[in-house]
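Undergrad: Start counting the sequence shown at -2; every next residue gets the next number (the numbering used here).
Glycine included, each C-beta is placed from N, C-alpha and C at the ideal position.
Fair warning: this is a prediction, and the values are worked out from it, not measured in the lab.
Mind looking over this structure? Questions follow.
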Amino acid sequence: MEGPDEAALDSAVLDLSGETAGEDVRDDTSPFFVSKKAAAVLKHAILDKYVVPFASKVGKYAPDGRVVYLDGYAGPGRYDDGTPGSPALILESAAAIADFRKLDCYFIEKNRKNFQSLSQLVEEARGQGLAAHALQGRVERHLDHVLEAAQGSPLFAFLDPFGLGITFEALTERIFGSRRASRQPTEVLLNFNANAVRRIGGLLTSRKDTPGKPATLRALDVACGGDWWREEFLDSRDNAEAVGRITRGFARRVGREVGAGSWTVGVRNRANLQVAYNLVHFSRHRDGLWLFGEAASLAQVEWRRACLPPETPGMLFNPGDTFEQEEEARRLRWIKRIRANLEDLLHKHGSFVVGNHQAEVLAGVLGEARERHVRAAIKELFREGKTTCNGVGNVRDLRVTGTY
Ligand SMILES: C[S@@+](CC[C@H](N)C(=O)[O-])C[C@H]1O[C@@H](n2cnc3c(N)ncnc32)[C@H](O)[C@@H]1O
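Structure, rendered in structure tokens:
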């Protein structure tokens, strides 16, 4: 696939780090928003690092540089300790690009208490001249209004429920479908809850007479766009395999339906814990998928740092002391892997453009490594006389040509 409009890159499956397992079983009155858990750092860092490049790029051709941002499950905006939640973070991004892009932000929140703090945040933002709207109620109720407001402008939707979110039909038909005629980009980042898959999938084999079992199973059918997930669950050796297969199946089906490529980022509480949820990103543009890979890679650095245990005063050795060394070891490992991938591509094609082979160039390090590591690998090959490409310029546009 060459042109960005054809987008359908293969789904790339990343497996990164994570947030509190069991998030989906919390209810609206839970202490979830008291302070930010280390792993929410990953989710927020991805948003933080992606929305600005996205808005900068797609807003270039949009009327008045306006880009619509929808946060469908917004929460209170900030944690109780003042740390930004997704709305506060995005409003900071909106302020940072206000000189050249108008990020028109719609935040939807069902819970009354959360909505009160959200409204306050939105009022402050409006006071600073930003375009922000807080809508109380269920996302399903407000969706059409926001989609109407987004007509003619690019749209980025972030859907981050505690459990199952909007239906497959709402995602594919209402969000993507309503924008079919529009030439403006549409992207979605959604939280596909692994705990919900494990919990609901477990009902398939449970002998217990759980009340509401058929309705609960149907709820996952509706979220997944059919009951295909049931067979995937039953055919899997364990829950981890089931979550992986069902998330990939979901991403593939949505992608096929709406003509988009996707990234799937497994979010764990810590590297050795099970996936709490997957962040799935859909874009119809090759550029969007490339930029998202950059954001995911950068976000992971923040997450790894946030996972370090707090320093203990008086200790001779703190885990943070070796952080930079470990990052350097990762960097070298990634460059080595990318080099091997580039050499394979050279063998196969003789000459190729990096941006047309994102998945192959980054095979094995997808979502971990980023542009700078690709550039470093190309430069190594250049120094060794294996390519005529010196690695200078926009990495995605570089043509790597063999010398043999
Ligand atoms: C995981 S939290 C959102 C966290 C927020 N995105 C952040 O990163 O700071 C999910 C929020 O969705 C709200 N919610 C649950 N169901 C909803 C629905 N149908 N429509 C809108 N909001 C809903 C909950 O009250 C909760 O505040």
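#1: So R98 and G62 are in contact, right, with Cβ under 8 Å, and what is the actual spacing, rounded?
#2: Pull up the distance between the alpha-carbon of T207 and that of W287, whole angstroms please.
#3: Taking the beta carbon of H344 as the centre, do at least 16 other beta carbons fall within 10 Å, making it buried, or is it exposed?
#4: Under the assumption that G388 contacts I375 (Cβ atoms under 8 Å), give the Cβ distance between them as a whole number of angstroms.
#5: Please state the DSSP three-state secondary structure of Q271.
#6: Residues in the same chain with beta-carbon distance under 6 Å from D157, minus the five sequence neighbours each way, listed in chain order, please.
#7: Roughly how many angstroms lie between the CA atoms of P182 and R176, to the nearest whole one?
#8: Span of the alpha helix (DSSP H) holding T244?
#9: Three-state secondary structure (DSSP) at D78?
#10: Please report how far the alpha carbon of Y103 lies from the alpha carbon of R135, in whole angstroms.
#11: Using CA atoms only, rank isn't needed, just tell me which of T213, A248, H370 and A42 is closest to T80.
#12: The alpha helix (DSSP H) spanning Q322 covers which residue range?
#13: At which residue ranges does the segment 275 to 322 contain complete alpha helix (DSSP H) runs of 4 or more residues, listed in the order of the chain?
#14: Check the DSSP bridge columns for N387 and list the partner residues they point to.
#15: Out of R265, A93, L140 and A146, state which residue places its alpha-carbon closest to the alpha-carbon of S53.
#16: Determine contact between the segment 242 to 250 and the segment 213 to 228, defined as no fewer than three beta-carbon pairs at a distance below 8 Å.
#17: Give a single yes or no on whether I105 has its beta carbon closer than 7 Å to a heavy atom of ligand 1.
#18: Identify every run of the beta strand (DSSP E) within the segment 159 to 224, keeping only runs that are complete inside it and at least 3 residues long; order them along the chain.
#19: Taking the alpha helix (DSSP H) that D394 belongs to, which residues open and close that run?
#20: Would I105 pass as a contact of V48 if the rule is Cβ separation under 8 Å?
TA: On the basis of the data shown:
#1: In this structure, R98 and G62 form a Cβ contact; the two beta carbons are roughly 5 Å apart against a cut-off of 8 Å.
#2: Annotation: T207 to W287 spans about 44 Å, alpha carbon to alpha carbon.
#3: exposed
#4: 4 Å
#5: coil
#6: Y70 and N188
#7: 9 Å
#8: N236 to V255
#9: coil
#10: Answer to the nearest angstrom: the Cα atoms are 13 Å apart.
#11: A42
#12: F320 to H346
#13: 283 to 303
#14: DSSP, once it has assigned bridges, lists no residue as partnering N387.
#15: Cα-wise, what sits closest to S53 is A93.
#16: As far as the Cβ criterion goes, the segment 242 to 250 touches the segment 213 to 228, which means the pair count is three or higher.
#17: yes
#18: 183 to 190
#19: No alpha helix (DSSP H) contains D394, which DSSP labels as neither H nor E.
#20: no
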